[in-house]
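See below for the structure under consideration.
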Amino acid sequence: MDTILSPLYYAVSWIIVQFHSFYSLIFDENSGAAWGLSIVSLVVLIRICLIPLFVKQIKSTRNMQALQPKMKAIQERYKSDKQRQSEEMMKLYKETGTNPLSSCLPILAQSPFFISLYQVLSHIANNQTVGVINQSLLESAQKAHIFGAPLAAKFLDTPEKIQSLGASVTDVRVVTVIMIVLMSASQFYTQRQLMTKNVDLTVKTPFMQQQKMLMYVFPVMFAVFGIGFPGFPVGVLLYWLTTNVWTMGQQMFVIRRNPTPGSKAFQERQERLRAKGKLKEDPAEVEARKAAEEARQNRQQPKRQSKSRRQTQPTTGKQTGGRPAGGGQQPRRTRAGAGSSASGASDADASQKQSLEKNAPPDSKPKGGSSASGSRNAKSGQRKGQQRPKHPSKK
152 MDTILSPLYY AVSWIIVQFH SFYSLIFDEN SGAAWGLSIV SLVVLIRICL IPLFVKQIKS
212 TRNMQALQPK MKAIQERYKS DKQRQSEEMM KLYKETGTNP LSSCLPILAQ SPFFISLYQV
272 LSHIANNQTV GVINQSLLES AQKAHIFGAP LAAKFLDTPE KIQSLGASVT DVRVVTVIMI
332 VLMSASQFYT QRQLMTKNVD LTVKTPFMQQ QKMLMYVFPV MFAVFGIGFP GFPVGVLLYW
392 LTTNVWTMGQ QMFVIRRNPT PGSKAFQERQ ERLRAKGKLK EDPAEVEARK AAEEARQNRQ
452 QPKRQSKSRR QTQPTTGKQT GGRPAGGGQQ PRRTRAGAGS SASGASDADA SQKQSLEKNA
512 PPDSKPKGGS SASGSRNAKS GQRKGQQRPK HPSKK
């Protein structure tokens, strides 16, 4: 391993030494600030170089989310034929231009530098020169402490080894535990932020379950590796904590400026742009949304009325509104043409009555009392409500 990665040992050690030379102009060259900031600067330099891979990772992750329903359909269709299933998957990746490994590119590209830094710090702890770090730089790095813990010390180092580096066991273990907790917490928050804000909530896919599982697995895994085997030196913990904080900030920027369509962050961004007047929308959609909002605000629940009031209210309206000024009552018209049919029926009745009166004998004429009672009945009939005239065809 040392033979294969020896060029990287030289590259990492050279970058650290150059940053150390710069920070030595500000701080003591043997201080933890000079060496610690050199490691932090190494992380920043590597992450800046990995930004194009990070952009590709974002695109690949979104494409994988969009392809999850199609991938699930292929798995269901060819679940008995694994070879055909693999062929269809590769065909789908090729058609959409998606690479499943693109989401892992930043981690894979960063791993060699992480391993190289681990080996460089291990050599410093074992009092061995490595890369461009000579004996004088080695002695200076061994004297560097971060909050009382040497850069090359580990959580499970023996008290004798820690004392040889000029520190106490308590200081080393307290600092390592705090840094491991911060490292795991930043990893958990970064993954949770991705799951809660930057995932399309309209599509439920197995990819979301995998991300949710990784949200809990990664912090536990880093905590176990940091404390137990192989155990990370304080300088490596500083490196990993810095890269986690960088990832968290970078992801917050992406979620705010370029969120996944359909996610909660995307809706929040649309609202911000709409409030600032920078969102170009279809005028028809804007009018429809305003109308729906006004209708929702002006909508009132109708008052509940009793049964007697519902029955009397229409009758009162007919009696007051349908009576003419002279006191008489007009016949009710329920459809167009009722007036013309009613007038035709009244003319036919009048002519028939005249013909019957001419042919009737004199004794058959009604008397005054009967006519008076008839008029009273007619008036009472008018008070009760005039009957609808019959149609001429129903004589």
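Numbering (the working numbering), first residue to last: 152 to 546.
The beta carbon of each residue, even a glycine, is placed where N, CA and C say it ideally should be.
All values derive from a computational prediction rather than experimental measurement.
Could you give the DSSP three-state label for residue i: helix, strand or coil?
{"i": "P412", "result": "coil"}
{"i": "A300", "result": "strand"}
{"i": "V206", "result": "helix"}
{"i": "I177", "result": "coil"}
{"i": "V281", "result": "strand"}
{"i": "F383", "result": "coil"}
{"i": "A318", "result": "coil"}
{"i": "L307", "result": "coil"}
{"i": "K429", "result": "coil"}
{"i": "G248", "result": "coil"}
{"i": "K294", "result": "helix"}
{"i": "A523", "result": "In this prediction, A523 has a pLDDT of 46, which is less than 50 and means its spatial position is unreliable; nothing more can be read from the coordinates."}
{"i": "Y161", "result": "helix"}
{"i": "S231", "result": "coil"}
{"i": "N449", "result": "helix"}
{"i": "L201", "result": "coil"}
{"i": "S182", "result": "coil"}
{"i": "N395", "result": "helix"}
{"i": "N349", "result": "coil"}
Please determine, among the options, the residue with the shortest C-alpha to C-alpha distance to residue i.
{"i": "V271", "options": "I202, V168, F205, M240", "result": "V168"}
{"i": "K210", "options": "S175, L256, R235", "result": "L256"}
{"i": "L159", "options": "P203, S172, K245, L268", "result": "L268"}
{"i": "F306", "options": "L243, Q279, V375", "result": "V375"}
{"i": "V405", "options": "N349, V396, N449, E422", "result": "N349"}
{"i": "L196", "options": "A426, K427, W397, I177", "result": "W397"}
{"i": "S273", "options": "R343, A260, L289", "result": "L289"}
{"i": "P203", "options": "S291, P310, A260", "result": "A260"}
{"i": "A304", "options": "Q226, Y174, L389, I155", "result": "L389"}
{"i": "G400", "options": "K415, E419, Q342, F417", "result": "Q342"}
{"i": "I258", "options": "C200, A217, F173", "result": "C200"}
{"i": "M346", "options": "R213, A426, P384, Q462", "result": "R213"}
{"i": "W186", "options": "Q344, R460, A300, Q226", "result": "A300"}
{"i": "Y244", "options": "L218, A224, T393, R228", "result": "L218"}
{"i": "M366", "options": "S335, P384, G382", "result": "S335"}
{"i": "A184", "options": "A276, H171, L193", "result": "H171"}
{"i": "M241", "options": "D232, S231, M222, E227", "result": "M222"}
{"i": "E311", "options": "I331, N277, E438", "result": "N277"}
{"i": "L156", "options": "F264, I275, V371", "result": "F264"}
{"i": "L333", "options": "D308, K429, T394, T309", "result": "T394"}
{"i": "G377", "options": "V368, Q402, T327", "result": "T327"}
{"i": "Q344", "options": "P384, K415, V325, I329", "result": "K415"}
{"i": "F298", "options": "E246, S262, S182, F369", "result": "S182"}
{"i": "R198", "options": "A439, Q418, Q402", "result": "Q402"}
{"i": "P370", "options": "Y340, G382, Q448, P384", "result": "Y340"}
{"i": "L302", "options": "S189, Q418, K441, R425", "result": "S189"}
{"i": "F417", "options": "R407, A426, K441", "result": "R407"}
Does the beta-carbon of residue i have 16 or more other beta-carbons within 10 angstroms, so that it is buried, or is it exposed?
{"i": "E179", "result": "Residue identity check: residue 179 is Asp in the sequence provided, not Glu. Looking at its Cβ environment, which holds fewer than 16 other Cβ atoms inside 10 Å, D179 is exposed."}
{"i": "G248", "result": "exposed"}
{"i": "V323", "result": "buried"}
{"i": "P412", "result": "exposed"}
{"i": "Q338", "result": "buried"}
{"i": "F373", "result": "buried"}
{"i": "W391", "result": "buried"}
{"i": "Q293", "result": "buried"}
{"i": "W165", "result": "exposed"}
{"i": "M215", "result": "buried"}
{"i": "V191", "result": "buried"}
{"i": "P410", "result": "buried"}
{"i": "A224", "result": "exposed"}
{"i": "G386", "result": "buried"}
{"i": "S459", "result": "exposed"}
{"i": "I275", "result": "buried"}
{"i": "Q314", "result": "exposed"}
{"i": "A295", "result": "buried"}
{"i": "D308", "result": "buried"}
{"i": "L176", "result": "exposed"}
{"i": "M364", "result": "exposed"}
{"i": "V368", "result": "exposed"}
{"i": "F173", "result": "exposed"}
{"i": "S231", "result": "exposed"}
Check whether chain D comes within 9 Å of residue i, counting only Cβ atoms and requiring the distance to be less than that.
{"i": "R324", "result": "The structure shown contains no chain D; it is built from a single protein chain."}
Using only the heavy atoms of the ligand ATP, determine whether one of them is closer than 8 Å to the beta carbon of residue i.
{"i": "F339", "result": "The ligand ATP is not part of this structure, which contains no ligands at all."}
ask   = Touching or not, the segment 314 to 328 and the segment 190 to 208, by the rule of three or more beta carbon pairs under 8 Å?
value = no
key: Cβ contact check for the segment 280 to 294 and the segment 232 to 241: 3 or more pairs under 8 Å   = no
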